[in-house]
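Protein chains in written order, with the numbering used here: chain X, 1379 to 1630; chain A, 15 to 399.
What follows is a single structure, written as structure tokens, with notes after it.
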């Protein structure tokens, strides 16, 4: 039994069937990539996991608990963190503050009026955030304004913000989109290292085949709202249906 | 800029003490400015409180409310009713005003915070204008309509009568256990509340709660996906700022026990926005500075009349003098809001971070020059954050 189970999920927008009877089972501790051409329904599926969209039919279960009808913050509190296509960080705040906020969210829950002790007098949270920043190689920038970071560093910071929560599942939506080759390689290294150290389950949506084949344990290929093949990177590389979906995919 | 984990936090004790000394010594150092009389200094303290509270919502959380005068009005009416029913002691009046304004803010905030940005601003404006119109119409039994609500000798004033202070000759003045709240004691009473309000603002700014509010302002989407329920945080900020406004409204009545609906008009809501932006939204001391400057200029410019202008421009030849005086006359007296508007435009265009940012720029320039000169001279840390 996997950590995330998706059964018979359908989602339509007007006449467009974005997700067509999707079944998925994500194994705990794995890095599972979802690939497919534009409009295949990958992002729609991800939005169903995090509470932004609600499927028309079907179930999404995380550790046996249904995620349907929960709001994004409840799903996060259950142990699911998300990395966005464009890094979503608190760009008015320092790096350290950026990482302390998710750490506080884990310690204090979704809402708590905590005004008695100052932010810098919370050693448990602060130490954890500083260690996490060191882990992604941003320790010496911790008092800088995060808005001034490069795209690659923003991505590192966002990953640190997710991992500091010690989530059970991280969802990554095209984590290397719009990045230079160097930044992409850095991010791959970081993700690989994080997999070893933290052992978190990851679902990654990606266009960049270089990223997918260097990282993924398993790959699911989507086309027209439906998973057409699933297997290891080796199996996917040789599969004729994948080539068809990507290159000659104009069938009915 | 917000930087609360950084070293700036360590200077807080000094910064707050300096602020306290400056406030308490106002009757001394305001003398050369011609502003050292209690009525005006009270206004500084009261509108300072109003702006400090507003800043917790607008500066920290990023929600621009155009309806905070409603809470000022609720505070004033509550205070006067407390004077009428309970007695002229300001403490129960203030406690009740804070509670009632907080409750009122909770209701308005609960509805308005379903939207953000401009829609939120419009909702708060609509609520405030509704309150204003209600105060003039249906609620006349409570607000006494256009005449305004005042304390009468025939009012019950239960506590006063119990203490045997029921019968008073002449006008009723608020008193704190016998000490009349007018003149300097009245100012110091407001100043103490200002210091309490400022202290709470410091605590909120440096606390995890304050950090959450800043994060909501910075990126609400990320907050949702970070496991934070943003609406209760924003609502708490809204209620806190409403309570500050209620306190300010009550203090206005402590010095002059009269409440009128014009206190709830949208211009009053706009004024607190101006104060906060002028001083520096999101900074600790900016709103107080903005409130002081606006109330001071109001006092100066609205007192000008044609005669004073003739005196100032008397050195000019007659024809030119007439022209200059008639143009300048538009900007003073009743028209002093024109001056305020100009000042506000200049600030928003050239110093979007408010006067505090200006202070920082000067400080940085002085520090650079000091280093360049090789004298090792460091710029004095400014009182302003």
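Even for Gly, the Cβ is constructed at its ideal location relative to N, Cα and C.
Source: prediction; values computed, not measured.
is_contact[residue 52 of chain A, chain X] using C-beta, thresh 8 angstroms: Your numbering for residue 52 of chain A matches position 38 in the second chain. No Cβ of chain X is located within less than 8 angstroms of the beta carbon of residue 52 of chain A.
Integer Cβ distance of residue 1516 of chain X from residue 1538 of chain X, believed to fall under 8 angstroms: Residue 1516 of chain X sits at position 138 when you count from the first residue of the first chain. Residue 1538 of chain X sits at position 160 when you count from the first residue of the first chain. Confirmed, Cβ separation roughly 7 angstroms.
Taking three-plus beta-carbon pairs below 8 angstroms as touching, is the segment 1586-1599 of chain X in contact with the segment 1550-1568 of chain X? Yes, they touch.
My assumption, with CB atoms under 8 angstroms, is that residue 107 of chain A sits in contact with residue 264 of chain A. Please give the rounded CB distance. Taking the second chain and counting its residues from 1, the one referred to as residue 107 of chain A is at position 93. Taking the second chain and counting its residues from 1, the one referred to as residue 264 of chain A is at position 250. In this structure residue 107 of chain A touches residue 264 of chain A by the C-beta definition: roughly 6 angstroms separates them, less than 8 angstroms.
Element boundaries [alpha helix (DSSP H), containing residue 290 of chain A]: As a working mapping, residue 290 of chain A is identified with position 276 in the second chain. From DSSP, the alpha helix (DSSP H) with residue 290 of chain A extends over 280-293.
Identify which residue in X:1604, X:1396, X:1592 and X:1580 has its Cα closest to the Cα of residue 1404 of chain X. Numbered from 1 along the first chain, position 26 holds the residue referred to as residue 1404 of chain X. Of the candidates X:1604, X:1396, X:1592 and X:1580, the residue whose Cα lies closest to the Cα of residue 1404 of chain X is X:1580.
Give the DSSP-derived three-state secondary structure of residue 273 of chain A in the structure shown. By 1-based counting over the second chain, the position of residue 273 of chain A is 259. Three-state DSSP puts residue 273 of chain A in a strand.
Between the alpha carbons of residue 1599 of chain X and residue 1461 of chain X, how many angstroms are there, rounded? Working through the first chain from its first residue, we reach residue 1599 of chain X at position 221. Working through the first chain from its first residue, we reach residue 1461 of chain X at position 83. C-alpha of residue 1599 of chain X to C-alpha of residue 1461 of chain X: approximately 20 angstroms in a straight line.
Just reading off the alpha helix (DSSP H) that residue 175 of chain A is part of, what are its end residues? Residue numbering aside, residue 175 of chain A sits at position 161 when the second chain is read from its first letter. 172-176 is the span of the alpha helix (DSSP H), which, as asked, contains residue 175 of chain A.
Collapsed DSSP secondary structure at residue 194 of chain A in the structure displayed: On the second chain, residue 194 of chain A is found 180 positions in, with the first residue counted as 1. Strand.
Do you know offhand how far residue 307 of chain A's Cα is from residue 65 of chain A's? As a working note, residue 307 of chain A is residue 293 in the second chain. As a working note, residue 65 of chain A is residue 51 in the second chain. Answer to the nearest angstrom: the Cα atoms are 12 angstroms apart.
Pairwise C-alpha distance: residue 274 of chain A and residue 116 of chain A: Within the second chain, residue 116 of chain A is the residue found at index 102, counting from 1. Within the second chain, residue 274 of chain A is the residue found at index 260, counting from 1. Answer to the nearest angstrom: the Cα atoms are 20 angstroms apart.
What residue range is occupied by the uninterrupted alpha helix (DSSP H) comprising residue 187 of chain A? Indexing the second chain from 1 puts residue 187 of chain A at position 173. Per DSSP, residue 187 of chain A belongs to no alpha helix (DSSP H) and is neither H nor E.
Can you find the residues in the same chain that come closer than 8 angstroms, C-beta to C-beta, to residue 284 of chain A, ignoring five residues on each side of it along the sequence? Working through the second chain from its first residue, we reach residue 284 of chain A at position 270. Counting only Cβ-Cβ distances below 8 angstroms, and skipping sequence neighbours, we find 80.
Residue 394 of chain A: buried (16+ other C-beta within 10 angstroms of its C-beta) or exposed? For the purposes of this step, residue 394 of chain A is taken as residue 380 along the second chain, with counting starting at 1. In this predicted model, residue 394 of chain A has a pLDDT of only 40, less than 50, meaning its place in the structure is not dependable enough to derive any value.
Just to confirm my understanding: we take residue 1430 of chain X, look at its own chain, exclude 5 residues before and 5 after, and list those with CB closer than 7 angstroms. What are they? Reading the first chain from its first residue, position 52 is the one you call residue 1430 of chain X. Around residue 1430 of chain X: 1450.
Expressed to the nearest angstrom, what Euclidean distance is found between the alpha-carbon atoms of residue 325 of chain A and residue 178 of chain A? Sequence index remark: in the second chain, residue 325 of chain A carries index 311 (1-based). Sequence index remark: in the second chain, residue 178 of chain A carries index 164 (1-based). Cα to Cα, residue 325 of chain A sits roughly 54 angstroms from residue 178 of chain A.
Enclosing beta strand (DSSP E) for residue 1424 of chain X [first to last residue]: Along the first chain, read from residue 1 onward, the residue named residue 1424 of chain X stands at position 46. Taken as a continuous stretch (DSSP letters only), residue 1424 of chain X belongs to no beta strand (DSSP E), being part of the alpha helix (DSSP H) at 1420-1428.
Considering only residues of the segment 1523-1553 of chain X, which uninterrupted beta strand (DSSP E) runs meet the minimum length of 3 residues and lie entirely inside it, listed in chain order? Here the runs fully enclosed are 1547-1551.
Does residue 366 of chain A have its Cβ less than 8 angstroms from a Cβ in chain X? Numbered from 1 along the second chain, position 352 holds the residue referred to as residue 366 of chain A. Residue 366 of chain A has a beta carbon lying at 8 angstroms or more from every beta carbon in chain X.
Hey, could you find the ends of the beta strand (DSSP E) residue 1391 of chain X is sitting in? Within the first chain, numbered from 1, the residue matching residue 1391 of chain X stands at position 13. Where residue 1391 of chain X is concerned, the enclosing beta strand (DSSP E) stretches over 1382-1391.
Return the residues of the segment 1459-1476 of chain X that lie within a Cβ-Cβ distance of less than 7 angstroms from chain A, sorted by chain order. Flagged, chain order: 1460, 1466, 1467, 1468, 1469, 1470, 1471, 1472, 1474 and 1475.
Using the beta-carbon count (16 or more within 10 Å), is residue 1410 of chain X buried or exposed? As a first step, residue 1410 of chain X is located in the first chain; it is residue number 32 there, counting from the start. Label assigned to residue 1410 of chain X: buried.
In the DSSP output, what is residue 1608 of chain X paired with across the bridge? Translated into positions along the first chain, residue 1608 of chain X becomes position 230. According to DSSP, which records beta bridges pairwise, residue 1608 of chain X is partnered with X:1598.
Of all the residues that make up the segment 240-262 of chain A, which are near chain X by a beta-carbon distance shorter than 7 angstroms? Using a CB distance below 7 angstroms, the part of the segment 240-262 of chain A facing chain X consists of 240, 241, 242, 243, 246, 247 and 250, ordered along the chain.
What residues are listed by DSSP as bridge partners for residue 1411 of chain X? For the purposes of this step, residue 1411 of chain X is identified with residue 33 of the first chain, where counting begins at 1. Per DSSP, the beta bridge partners of residue 1411 of chain X are X:1582 and X:1597.
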